[in-house]
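Scroll down for the structure; my scribbles are underneath it.
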Ligand code: BGP
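Following this line, the structure appears as C-alpha cells:
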C-alpha cells in the first residue's frame with residue numbers, strides 16, 4: 128500500500144495509563160493508602176461529581192480482557208505505572224505479595240501478546256505514610272523511593288526493558304505546592320522548589336540503581352510534559368517572559384535529567400527571589416553522573432506568554448507568574464470539547480529542541496491526546512464516532528513524521544489513553560480513550576478512533 132506517512136521500522140504504537148487512574152481496587156488485596164485515597168476521604172467535594180479513585184475502569188480485574196483489546200487494536204507497546212502503595216503499602220518495608228502477583232501477571236500477559244511493557248514508577252501517587260513524613264520535601268522519602276525503585280527493578284527487570292522514574296514531575300510541584308490543586312494543597316514557592324529538587328535527586332538515584340544492576344538491553348528514562356513556551360512577539364520583554372516560563376516549567380527537569388546540570392539562569396532567578404533548596408554533599412555529582420537513557424515526551428498544548436503588564440505585588444507569595452502573563456493569542460485553535468489549545472506543530476518544535484540542544488536523546492511521545500466532555504453525545508450505531516480524535520492524532524502524527532525526516536531520534540507514539548479513566552480532580556469529566564468504558568457496568572467498547580489506529584499501527588503509517 129502506498130503510504131504518505133511511513134514510520135521507521137520498529138516504531139512503538141500504543142497508549143499510556145497510570146495505576147491510580149485505571150486499576151480501581153483501591154482498598155483491596157493489601158494495597159496501602161496513597162494521597163488520593165486519603166484526600167478523597169477528607170474532601171470528596173473537590174472531585175468532579177464527588178467521584179473518587181476507588182471507582183475506575185477496574186483494570187485490576189479486567190486486565191486480561193484489556194490486553195486482548197490492545198492486541199486487537201494493533202498495540203506493540205503499552206505504558207502502565209506501578210502503584211507504590213499497592214506494592215509496598217507503607218512506602219518502605221514489607222512487600223505485598225498479591226501486588227507482586229498482579230504486576231507479574233500484567234507484564235507476562237502483555238509480553239505473551241507481543242506488547243512491550245513500558246513501566247513508570249511514580250505517577251502522582253505518594254503512599255500516605257510517606258506523605259505524613261513530609262512527602263517529597265523529605266530526604267528520607269527520597270531514600271524510600273530509591274528502595275522502592277530497586278525492588279521494582281529486581282522483581283520485574285528481567286522482563287521490563289523500558290523504565291521511567293517519574294511521569295510529569297512538575298505536576299506534583301505545581302498542583303501540590305503552588306496552586307492548591309492537588310493534595311497536600313500547599314502554596315509556598317520555597318517548599319515547591321525543594322520538592323522539585325528532591326524529585327530530580329530521586330530520579331537520578333533510581334537511574335544509578337538501575338544502571339548498577341546491569342540488565343541486558345534495558346533503558347531507563349523520565350517522562351516530562353514539555354510545554355513549548357511561545358512569546359507574544361519578538362520584543363525582548365516578551366522573549367524574556369517566554370524564556371523564564373521555559374526555565375520554570377520545562378528546563379528545571381529536562382536539563383538535570385538529560386544534561387546532568389541545572390541552567391545557570393534558573394539558579395540565578397531562584398537565588399535572587401527566594402532561596403536555593405537544601406542541597407546535600409554529592410548531589411550535584413549524582414545528578415551529573417546519572418542522566419537518563421531515554422525521554423518520554425507528553426505533549427498536549429503550548430504555553431503562550433507575554434511580558435508582565437503590571438508590577439507584581441511584592442507582598443503576595445512568590446509565584447512563577449511574577450515573571451510573565453498568560454497570552455490568549457487571538458485566533459488560536461481550541462479543543463471546543465475540553466478547552467485546551469490545539470497546536471500540532473508544538474510536537475515538532477519540542478523534538479527539534481531535543482535534537483539541537485539535548486544531544487538528540489532517544490525519545491518517544493509518551494502522551495498526547497484529546498479530552499472530550501460528555502462524549503456519549505457522539506454515540507451512533509452503538510459506537511462513539513470520535514472523528515475529532517482521529518483528526519487530532521493524524522495531524523500530530525504528520526508533524527511527528529516531519530520531525531523524523533528532520534533527523535529527530537523519536538521512536539514511538541502513545542496516546543493518552545487506552546480507555547476512558549478516572550482523571551484526578553476531573554474524575555470522568557474528560558474522556559480520552561480509544562475505548563469507552565461504561566462506568567457502571569465496566570463494559571468496554573471500541574471507539575471509531577481505535578479502528579482507525581489499528582490500521583495505522585498495522586501499516587506503520589497512514
Ligand atoms: C496528563 C496526566 C494524565 C492525565 C491527563 C489528562 O497531564 O499525565 O495523568 O490526567 O493529563 O488530564 P485531564 O483529565 O485533566 O484532562
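Numbering (this note's numbering), first residue to last: 128 to 589. C-beta: ideal position from N, C-alpha, C; glycine also.
By a C-beta neighbour count over all protein chains shown, 10 Å radius and 16 as the cutoff for buried, is residue i buried or exposed?
| i | result |
| --- | --- |
| residue 403 | exposed |
| residue 232 | exposed |
| residue 250 | buried |
| residue 474 | buried |
| residue 494 | buried |
| residue 184 | buried |
| residue 220 | exposed |
| residue 339 | exposed |
| residue 361 | exposed |
| residue 438 | exposed |
| residue 372 | buried |
| residue 443 | exposed |
| residue 392 | exposed |
Going by beta carbon distance, what residues of the same chain come within less than 7 Å of residue i, once the five residues before and after it are set aside?
| i | result |
| --- | --- |
| residue 364 | 434 |
| residue 225 | 156 and 157 |
| residue 579 | 517 |
| residue 342 | 284 |
| residue 321 | 264, 404 and 405 |
| residue 260 | 267 and 268 |
| residue 189 | 569 |
Got a sec: does the ligand BGP put a non-hydrogen atom nearer than 6 Å to the Cβ of residue i?
| i | result |
| --- | --- |
| residue 264 | no |
| residue 142 | no |
| residue 498 | yes |
| residue 550 | yes |
| residue 301 | no |
| residue 532 | no |
| residue 307 | no |
| residue 553 | yes |
| residue 557 | yes |
| residue 335 | no |
| residue 295 | yes |
Can you list, in chain order, the residues of its chain with a C-beta nearer than 6 Å to that of residue i? Leave out the 5 residues immediately preceding and following it.
| i | result |
| --- | --- |
| residue 256 | 217 and 218 |
| residue 132 | 528, 588 and 589 |
| residue 563 | 511, 547, 572 and 574 |
| residue 487 | 536 |
| residue 326 | 263 and 296 |
| residue 240 | 194 and 198 |
| residue 558 | 499, 502 and 547 |
So, for residue i: in the same chain, excluding its five sequence neighbours on each side, which residues have a beta-carbon less than 8 Å away from its beta-carbon?
| i | result |
| --- | --- |
| residue 312 | 303 |
| residue 121 | In this structure the chain extends from 128 to 589, so residue 121 is not present and cannot be described. |
Touch test, the stretch 523-540 against the stretch 158-173, Cβ-Cβ under 8 Å, three pairs minimum: no
Contact the stretch 329-347 vs the stretch 416-434: 3+ CB pairs below 8 Å: yes
Segment contact flag, the stretch 537-548 with the stretch 132-146, C-beta cutoff 8 Å, min 3 pairs: yes
The stretch 571-584 touching the stretch 194-204, judged by at least three CB pairs closer than 8 Å: yes
Inter-stretch contact at 8 Å, needing at least 3 Cβ pairs: the stretch 466-480 / the stretch 440-452: no
Segment contact flag, the stretch 502-509 with the stretch 393-407, C-beta cutoff 8 Å, min 3 pairs: With the rule of 3 Cβ pairs closer than 8 Å, the stretch 502-509 does not count as touching the stretch 393-407.
Contact between the stretch 272-284 and the stretch 171-189 (3+ Cβ pairs under 8 Å): no
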